[in-house]
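Engineer: First residue of the sequence shown? That's 2 in the numbering used here, and the numbers climb one at a time after it. Beta carbons are placed, not taken as given, at the ideal position from N, Cα and C, and that holds for glycine.
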Amino acid sequence: MAPKQEDIENGERLVSRKKLYGKSSTLETVTSTVSLNGSEDGDFYDDDYNYYHDKECRHHKDAMTNSSEAILIDTQKPACYRICDLKYRVSTKPTEPWGHKPHPMLGASCFLFALPIPFLTTCYPCTAALFGLTTLSSFLSDYLYSGLDSWAHVFDKTVAILVFSFASTVVYSTAGLWWTLSSSLALACYVKGMEAVKRKDYHGFVFWHSMWHLVGVSLLVLVFALHGTRTECLVA
Numbered sequence: 002m003a004p005k006q007e008d009i010e011n012g013e014r015l016v017s018r019k020k021l022y023g024k025s026s027t028l029e030t031v032t033s034t035v036s037l038n039g040s041e042d043g044d045f046y047d048d049d050y051n052y053y054h055d056k057e058c059r060h061h062k063d064a065m066t067n068s069s070e071a072i073l074i075d076t077q078k079p080a081c082y083r084i085c086d087l088k089y090r091v092s093t094k095p096t097e098p099w100g101h102k103p104h105p106m107l108g109a110s111c112f113l114f115a116l117p118i119p120f121l122t123t124c125y126p127c128t129a130a131l132f133g134l135t136t137l138s139s140f141l142s143d144y145l146y147s148g149l150d151s152w153a154h155v156f157d158k159t160v161a162i163l164v165f166s167f168a169s170t171v172v173y174s175t176a177g178l179w180w181t182l183s184s185s186l187a188l189a190c191y192v193k194g195m196e197a198v199k200r201k202d203y204h205g206f207v208f209w210h211s212m213w214h215l216v217g218v219s220l221l222v223l224v225f226a227l228h229g230t231r232t233e234c235l236v237a
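1. Starting from Glu-196 and walking both ways along the alpha helix (DSSP H), at which residues does that stretch end?
2. If we count Cβ pairs, one from each stretch, closer than 8 Å, do we get three or more for the segment 94-103 versus the segment 137-155?
3. Between the segment 199-215 and the segment 104-120, are three or more C-beta pairs nearer than 8 Å?
4. By Cβ distance, which residues of its chain are closer than 8 Å to Ser-169, with the 5 residues on each side in sequence left out?
5. Helix, strand or coil: which one does DSSP assign to Pro-240?
6. Where do the ends of the alpha helix (DSSP H) carrying Gly-217 lie?
7. For Tyr-1, which of helix, strand or coil comes out of DSSP?
8. Out of curiosity, what's the CA-to-CA distance linking Thr-136 and Ala-115?
9. Using 8 Å for Cβ pairs, my map puts Ser-138 next to Ala-153. What's the rounded Cβ distance?
10. Is it buried or exposed for Thr-123, if we count other Cβ within 10 angstroms and need 16 for buried?
11. Could you say which of His-210, Gly-133, Phe-132, Phe-120 lies nearest to Leu-186 if we only look at CA atoms?
12. Within the same chain, show all residues whose beta-carbon is closer than 6 Å to that of Val-172, passing over the 5 residues directly before and after it, in chain order.
13. Using the rule of at least 16 other Cβ atoms within 10 Å of the residue's Cβ for burial, across every protein chain shown, is Gly-177 buried or exposed?
14. Whose C-alpha, out of Leu-134, Val-207, Ser-219, Gly-229, is nearest the C-alpha of Pro-105?
15. Roughly how many angstroms separate the alpha carbons of Val-155 and Phe-140, rounded to a whole number?
16. Which same chain residues end up closer than 7 Å to Cys-127 when comparing Cβ atoms and leaving out the 5 residues on each side of it in sequence?
17. For Thr-159, is the classification buried or exposed, using 16 other Cβ atoms within 10 angstroms of its Cβ as the cut-off for buried?
18. Just the Cα atoms here: how many angstroms apart are Val-192 and Ile-118?
19. Quick check on the burial criterion: 16 or more other C-beta atoms within 10 angstroms. Buried or exposed for Leu-188?
20. Compute the beta-carbon to beta-carbon distance between Thr-93 and Ser-151, rounded to the nearest angstrom, for a pair I have assumed lies under 8 Å.
21. Report the rounded CA-to-CA distance for Ala-161 versus Leu-220, giving the unit in angstroms.
22. Could you say which of Phe-132, Asp-143, Phe-120, Leu-134 lies nearest to Tyr-203 if we only look at CA atoms?
23. Is there a C-beta anywhere in chain B that falls below 9 Å from the one on Ala-130?
24. Helix, strand or coil: how does DSSP classify Pro-103 here?
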């Protein structure tokens, strides 16, 4: 079906794509409407795959879908999709499709990561240092360079994984397993924020990503409030 004139005027185009379906590995051509986001060479976002996040990934995608044979691995996705997925996860490009729109609430929530530092400095100096780095990295990625191409996004993702792992260890050694599992509440907020990104819901992302910061820090501070901080550090 030919695109309507109003679709073209609104900066949209119809794109035919090859998609991989199930274990049968059949490639089926589908047609969908994709926003140009300002220019033909700019980034675009696909609801089903984020593997085509930049121009090089689109090149991999075209090369694979035009091939008569697709190289498949255990996930039943073409190998080039996996390469582009890895590039996306360590990419300097932002995940937000709305561009540079820093929100004061999200920026302010980044400084919450500084609150646990006084409780950690005596017995968990490495974790305390990581929370300091997280305060900086989250502010850079989520506010200062929000929606912009920057290494701050790689820095933030790397530090976030480390600080979450170290903080979970602290909570487990201080309050036990059940309090450690409560971190799933913070993770749920993070997932809701990523779902908002896929829906291109700016305000939903701001709320849920701010809650990811707030809930995670609040649980850690609550653990120290209820169980106290260590006056003697354990060697084991």
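Structural biologist: Working from what's here:
1. Within the sequence shown, the letter at position 195 stands for residue 196. Taken as a continuous stretch (DSSP letters only), the alpha helix (DSSP H) holding Glu-196 covers 184-199.
2. Yes: at least three Cβ pairs fall under 8 Å.
3. These segments touch.
4. As a working mapping, residue 169 is identified with position 168 in the sequence shown. Within its own chain, the residues whose Cβ lies closer than 8 Å to the Cβ of Ser-169, once the five positions on either side in sequence are excluded, are Thr-181, Ser-184, listed in chain order.
5. Summary: the structure shown does not reach residue 240, with the chain confined to residues 2 through 237, and so no result is reported for it.
6. The residue you call residue 217 lines up with position 216 of the sequence shown. Element bounds for Gly-217: 203-228.
7. Past the edges of the chain, shown from 2 to 237, lies residue 1, and the structure says nothing about it.
8. For this step, residue 136 is matched to residue 135 along the sequence shown. For this step, residue 115 is matched to residue 114 along the sequence shown. A direct Cα-to-Cα measurement between Thr-136 and Ala-115 gives close to 6 Å.
9. Position 137 of the sequence shown holds residue 138. Position 152 of the sequence shown holds residue 153. Sure, about 7 Å apart at Cβ, within 8 Å.
10. As a working note, residue 123 is residue 122 in the sequence shown. Looking at its Cβ environment, which holds fewer than 16 other Cβ atoms inside 10 Å, Thr-123 is exposed.
11. Translated into positions along the sequence shown, residue 186 becomes position 185. That would be His-210, whose Cα lies nearest to the Cα of Leu-186.
12. Working through the sequence shown from its first residue, we reach residue 172 at position 171. Trp-180, Thr-181, Val-224, listed in sequence order.
13. Indexing the sequence shown from 1 puts residue 177 at position 176. Classification of Gly-177: exposed, given that the 10 Å Cβ count is below 16.
14. Taking the sequence shown and counting its residues from 1, the one referred to as residue 105 is at position 104. Looking at Leu-134, Val-207, Ser-219, Gly-229, the one whose alpha-carbon comes closest to that of Pro-105 is Val-207.
15. The residue given as residue 155 occupies position 154 in the sequence shown. The residue given as residue 140 occupies position 139 in the sequence shown. Distance from the CA atom of Val-155 to the CA atom of Phe-140, rounded to whole angstroms, is 13 Å.
16. Residue numbering aside, residue 127 sits at position 126 when the sequence shown is read from its first letter. Within the same chain, Cys-127 has close Cβ partners Phe-167.
17. Counting from one through the sequence shown, the residue named residue 159 turns up at place 158. Under the 10 Å beta carbon count, Thr-159 is surrounded by fewer than 16 other beta carbons and is classified as exposed.
18. Translated into positions along the sequence shown, residue 192 becomes position 191. Translated into positions along the sequence shown, residue 118 becomes position 117. Computed Cα separation, rounded: 26 Å.
19. Counting from 1 along the sequence shown, the entry for residue 188 is found at position 187. Answer is exposed; the Cβ neighbour count stays below 16.
20. Start at 1 with the first residue of the sequence shown, and residue 93 comes out as number 92. Start at 1 with the first residue of the sequence shown, and residue 151 comes out as number 150. The Cβ separation is near 6 Å, so the contact holds.
21. In the sequence shown, the residue the question calls residue 161 occupies position 160. In the sequence shown, the residue the question calls residue 220 occupies position 219. In this structure, the straight-line span from the alpha carbon of Ala-161 to that of Leu-220 is close to 16 Å.
22. Position 202 of the sequence shown, counted from the first residue, corresponds to residue 203. Out of Phe-132, Asp-143, Phe-120, Leu-134, Asp-143 has the C-alpha closest to the C-alpha of Tyr-203.
23. Within the model displayed, chain B is absent; a lone protein chain is all it includes.
24. For this step, residue 103 is matched to residue 102 along the sequence shown. Coil at Pro-103, not helix or strand.
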